[in-house]
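Trainee: When we follow our numbering, the leftmost residue of the sequence shown carries the number 86, and every step to the right adds one. Note that the Cβ used here is the ideal one computed from N, Cα and C, for glycine as well.
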Amino acid sequence: MIRTPQKIRDEWLHDLMPPGAIERSEDGNLAKLLLGFAGPFSTLEGDIDGLALEISPGTATGLLADYEAVLGPDPCGRDKGGLSVAQRQALALQRWVAASGVTPDFFKNMAAAAGFTITIEETDTPIYGRVRMGAARYGTSEMRFVWIVTLPSTTTGLECPMRRLCPAQATLVFKYADAA
């Protein structure tokens, strides 16, 4: 809550001044002097209140360029073009707090946050523990780390972020529903 200079002056007049024969009216010389000192305090409180929104890149406006400078250019090129302030804030927040996941559900949720529905198929390999079952016609042991990701179209822009955030052992193969 931002206090006005008048409210700050009134608080000083009644709370900080010693008791006695001091004129405490709003028209007195002391009140006018204190009002001059209260203005910068009100401005300072307003600035501090405004900084509360700057603590996160998702709500920052004044410090958004600084957040973008710290983050650097987006490795996937998502910051190119004429993005609105809201889009820049959303991208900066996503990059600022991004964490990777090691499950297909993480990537499904990531796509859902971008407005897309995807499917991820984990290949079923003929390996159970240290034992191999059957021939390699259903896949080889290397296939157990391949995820087949079906995206709705080639224009989703999800390939690069998914490749950057996928587990180190996984290989992502992308299929597109509109190409079928």
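1) Apart from the five residues just before and just after residue 245, which ones in its own chain have a Cβ nearer than 6 Å to its Cβ?
2) To the nearest angstrom, report how far apart residue 239 and residue 172 are at their CA atoms.
3) Given residue 242, which residues of its chain have a CB within under 7 Å of its CB, disregarding the five upstream and five downstream residues?
4) Please specify which runs of the alpha helix (DSSP H), each continuous and at least 4 residues long, are wholly inside the region 237-261, giving them in chain order.
5) Helix or strand or just coil, what does DSSP make of residue 130?
6) Can you tell me the Cα-Cα spacing of residue 175 and residue 135, whole angstroms?
7) Give me, in chain order, the residues of the same chain whose beta-carbon lies closer than 8 Å to that of residue 199; leave out the 5 immediate sequence neighbours on both sides.
8) Taking the runs of the alpha helix (DSSP H) that are 4 residues or longer, which of them lie wholly in the region 114-197?
9) Given this structure, state the Cα-to-Cα distance separating residue 205 from residue 250, to the nearest angstrom.
10) Using the Cβ count rule (16 or more neighbours within 10 Å means buried), how would you classify residue 138?
Mentor: This is what the structure holds:
1) The answer, listed in chain order, is 161.
2) Straight through space, the alpha carbons of residue 172 and residue 239 are spaced by roughly 21 Å.
3) Correct list, in chain order: 163.
4) With a minimum length of 4 residues, the continuous alpha helix (DSSP H) runs that stay inside the region 237-261 are 244-250.
5) It is helical.
6) One alpha carbon belongs to residue 175, the other to residue 135, and they sit about 19 Å apart.
7) Closer than 8 Å at Cβ, skipping near neighbours: 241, 242, 243.
8) 114-136, 149-156, 170-182, all fully within the region 114-197.
9) About 15 Å.
10) With fewer than 16 Cβ atoms within 10 Å of its Cβ, residue 138 is classed as exposed.
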